[in-house]
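Data first, discussion second: the structure below is written as structure tokens.
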């Protein structure tokens, strides 16, 4: 009696179920984003005539680099179990600081290259210091990340106005304001070439470094991570420092694209980085998020925004669409969790049988 | 409906219940499949009123699936479920509750910040004209707590209670929600409580039996099964191997039936005096800032297993935490190999050659969403340079080491390497954490409740590994445990703690269950 049970399930009904299981497994592995991306592309390509032509991969890449860099920074901090509400403030602050420094070095030395490099170095350094302060507030003073980064945003907002006097910084060297945003090889903007190595480095940092392993462990269960011998305070601080450096770098490239230092630059980036990271599978509870996910999340948002622009949707409706997309992304991600659990249970039982 | 009647009936308990011959719940030829895989095959059990049925089986034998079927969480694929002789068609968790099927599991369903009395009435608060009858709730709660000899107040917040006390609340909540005795299921109820508290629990279970409840009891501890159980069902690989009256069968047979093979004695041989070396860890007048450890001194020597026993709350687990800097010290010194350790942290202690298995698996142990392999290797990756080069992981080497440990410690399923560890059963999570802890130390290993929730076969493996660590590598092991049998079977010396102090030290033939239990209460003859 009992012996006949398992052969029964393996024939007939079994094959249909197995291919279903395979689909569920794949869904659990890669998540919904590739499908969603495709869906959005097909939808706009068929409904909006200009979409397919204006939305070739090069265009998409060029528009995405700023958000991509910043969202990767946000993701690092999300994975550690915190989040960064100071992104927008950092962007405008860095835009002002980097362009003022560049202007001064340029008028002092007269050398464009020096001016641009000094500005870049200082941008990354100041970004790192902001991250260090945020990280120390969270890791050493044990203040909630929400409060720490909100305070940082408020303070930086004030500083930006004081430093800039509310005035746009113009007259930047053309190497920065023209050349960087112009096309390089393969018709891709130099901005893309300045971003791709960073994405690759971040991919390996999160996937293959000891720091990466420690970071995910920390976000997954901070108490257990500490007991497992992970230097949790150091890892937390590094996450904030790296995160802010990435955000500052994104702000620098954005300033180059615009061609001037703006005290109000990037006001929407705080929420956009969180949205992109979460759409890409990061969790606000920490421990989850991948670089590939963030890349797809950013592309998805850019494609959606671009499609809606071409379809002449007004800004308010666009906001609604992004909000809906965010909620759906999280819901679908939960389905993905269930798919993974299901596959794991299947494997467990298959091995036990 | 107001739940006014008690089901303990301590006032009506003089054997009022009729002989146990009616099945409250019955499973006939129950089979449960998940997808293409059969988790439970052709199992038939009867849960008799006034009887305690023990479910015995290794981790993954199908106990959880069977429990899920009884609680209505897993609808049967084949077979029938009968309640009081009548077949139930659409059995669900809700239907189970309606029919008086209850469970006291290891995960309590209490609202921690609410007082005890509110917890007892959650979801069915007595009201009058829309207002809570708080006075009534409190009196009623008081009465029920008295019946289980609770020493805490009904107004205490659940979060302020010990685990054993919370369990009492859970039991009161389960059995008094309606008047008719049904089925109550205990899943490893003694896992995190002390021996005395367990004795008290057994008394309560006895009383539940006399009032007509059918008990299902799951535990890996033999002596405790014999204390509470009447009949036993042995499961292996989802099949029912046997059903016995506990009186008719010896432990050895049960263990062999469970494992499907002949097993040797549970505990390996102890250390010879000649194998024991110099002190590797000495702790002097330790006191912690949480007040749980007041004055603890001991020496741990290379090649020996030193046990720390005591009740829950005696501070025995806090000693281990203090050694790793998880509880700040207010007083005392820790020396490792003669050198003082000024500010211990997990990281510094690992660097000194320590290994650690913390007490609370879920809170302090696992990284739930991280893979089994990463969970096993996380500590060595973070501490040593063996598995990384220039800050980057040597992934192949990590995988190999992890899969080696997974098979050595029999973490199931065997292909679980990349599965998030949170998806494994508790026993297998524990095995993975033991594998992690045992793979690191060079000098000292501190393990707290190492076999919590682990089946007997795996437990023997863990014991064997612990002893081998001692004998072959000369490591000193500090074994903190609430399991008296474990202390007696494994330790070369045992110290017993009582309210933050070591009250008794036992060695050799003096290490007996009676001596440990007596010392836990501070009632030894040396100490009166």
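Residue numbers (our numbering), protein chains in the order written: chain G, 1 to 353; chain C, 1001 to 1528.
Glycine included, each C-beta is placed from N, C-alpha and C at the ideal position.
| request: Could you tell me which uninterrupted alpha helix (DSSP H) segments, each at least 4 residues in length, are contained entirely in the stretch 1460 to 1514 of chain C, listed from first to last along the chain? | output: 1484 to 1490
| query | How is residue 11 of chain G classed by DSSP in three states: helix, strand or coil? | reply | Reliability of the predicted coordinates at residue 11 of chain G is poor, the pLDDT of 39 falling under 50, and no value is obtained from them.
| said: Considering only their Cβ atoms, is the gap separating residue 1320 of chain C from residue 1470 of chain C smaller than 9 Å? | reply: No. Outside cutoff.
| field | Contact under 9 Å by Cβ, residue 1540 of chain C with residue 1501 of chain C | value | Within the shown structure, residues of chain C are numbered from 1001 to 1528, placing residue 1540 of chain C beyond reach of any answer.
| In or out: residue 1124 of chain C buried (at least 16 other Cβ within 10 Å) or exposed? | exposed
| query | CB-CB under 8 Å to residue 1137 of chain C, same chain, minus the five flanking residues each way: which ones, in chain order? | reply | 1117, 1118, 1120, 1121, 1125, 1126
| said: Let me confirm a value: residue 1048 of chain C is counted as buried when at least 16 other C-beta atoms fall within 10 Å, else exposed. Which label applies? | reply: buried
| Do three or more CB pairs link the stretch 127 to 136 of chain G to the stretch 275 to 295 of chain G at distances below 8 Å? | The stretch 127 to 136 of chain G is not in contact with the stretch 275 to 295 of chain G.
| message | Does chain C have any CB closer than 9 Å to the CB of residue 209 of chain G? | response | Judged by the 9 Å Cβ criterion, residue 209 of chain G is in contact with chain C.
| field | Distance between residue 116 of chain G and residue 173 of chain G (C-alpha atoms, nearest Å) | value | If you draw a straight line from the Cα of residue 173 of chain G to the Cα of residue 116 of chain G, it comes to about 8 Å.
| said: Buried or exposed for residue 276 of chain G, going by 16 or more other Cβ atoms inside 10 Å? | reply: buried
| message | Please list the terminal residues of the continuous beta strand (DSSP E) segment that includes residue 191 of chain G. | response | Note, residue 191 of chain G: premise wrong, no beta strand (DSSP E); alpha helix (DSSP H) at 190 to 193.
| request: Can you tell me which of the three DSSP states residue 1026 of chain C falls into? | output: strand
| message | So for residue 1166 of chain C, helix, strand or coil by DSSP? | response | helix
| query | Taking 9 Å as the CB-CB cut-off, is residue 220 of chain G touching chain C? | reply | yes
| request: Per DSSP, which residues does residue 1359 of chain C bridge with? Please list them. | output: In the DSSP output, where bridge partners are listed per residue, residue 1359 of chain C has none listed.
| query | Skipping 5 residues on each side, what residues in its chain have a beta carbon closer than 8 Å to that of residue 1071 of chain C? | reply | Answer for residue 1071 of chain C: 1093, 1096, 1101, 1103, 1185, listed in chain order.
| said: What would DSSP say about residue 1148 of chain C, mapped onto helix, strand or coil? | reply: Coil, per DSSP.
| said: Can you give me the C-alpha to C-alpha distance between residue 184 of chain G and residue 177 of chain G, rounded to a whole angstrom? | reply: The straight-line gap from Cα to Cα measures roughly 15 Å.
| request: Please classify residue 339 of chain G: is it buried, with 16 or more other beta-carbons within 10 angstroms of its beta-carbon, or exposed? | output: buried
| said: Please report the distance separating the alpha-carbon of residue 257 of chain G from that of residue 181 of chain G. | reply: Spanning the two alpha carbons is a distance of roughly 5 Å.
| message | In this structure, how does DSSP classify residue 1065 of chain C when only helix, strand and coil are distinguished? | response | In the structure shown, the three-state DSSP call for residue 1065 of chain C is helix.
| Between the stretch 1383 to 1392 of chain C and the stretch 199 to 217 of chain G, do three or more beta carbon pairs fall short of 8 Å? | yes
| By DSSP, does residue 1439 of chain C sit in helix, in strand, or in coil? | helix
| message | Just checking: is the beta-carbon of residue 309 of chain G within a distance shorter than 9 Å of some beta-carbon in chain C? | response | no
| query | Thinking C-beta only, is residue 243 of chain G closer than 9 Å to residue 98 of chain G? | reply | no
| Roughly how many angstroms separate the alpha carbons of residue 101 of chain G and residue 118 of chain G, rounded to a whole number? | 8 Å
| query | Under three-state DSSP, which class holds residue 1124 of chain C? | reply | coil
| What separation, rounded to the nearest whole angstrom, lies between the Cα atoms of residue 143 of chain G and residue 82 of chain G? | For residue 143 of chain G and residue 82 of chain G, the gap between their C-alpha atoms comes out near 11 Å.
| query | Can we count residue 1475 of chain C as close to the ligand MG, meaning its CB is less than 8 Å from some heavy atom? | reply | Looking for the ligand MG in the displayed structure turns up nothing, as the structure carries no ligands at all.
| query | With a cut-off of 8 Å, do at least 3 Cβ pairs link the stretch 1064 to 1084 of chain C to the stretch 1157 to 1170 of chain C? | reply | With a cut-off of 8 Å, the stretch 1157 to 1170 of chain C and the stretch 1064 to 1084 of chain C do not count as touching, because too few Cβ pairs lie within range.
| Alpha carbon to alpha carbon, what distance is there between residue 1238 of chain C and residue 1038 of chain C? | 8 Å
| Are there three or more Cβ pairs, one per stretch, closer than 8 Å when the stretch 1396 to 1403 of chain C is compared with the stretch 235 to 253 of chain G? | no
| message | Just to confirm, is the Cβ distance from residue 1406 of chain C to residue 1372 of chain C under 9 Å? | response | yes
| query | By the criterion of Cβ-Cβ separation under 8 Å, what are the contact partners of residue 231 of chain G in chain C? | reply | 1347, 1382
| field | Contact under 9 Å by Cβ, residue 1281 of chain C with residue 1258 of chain C | value | no
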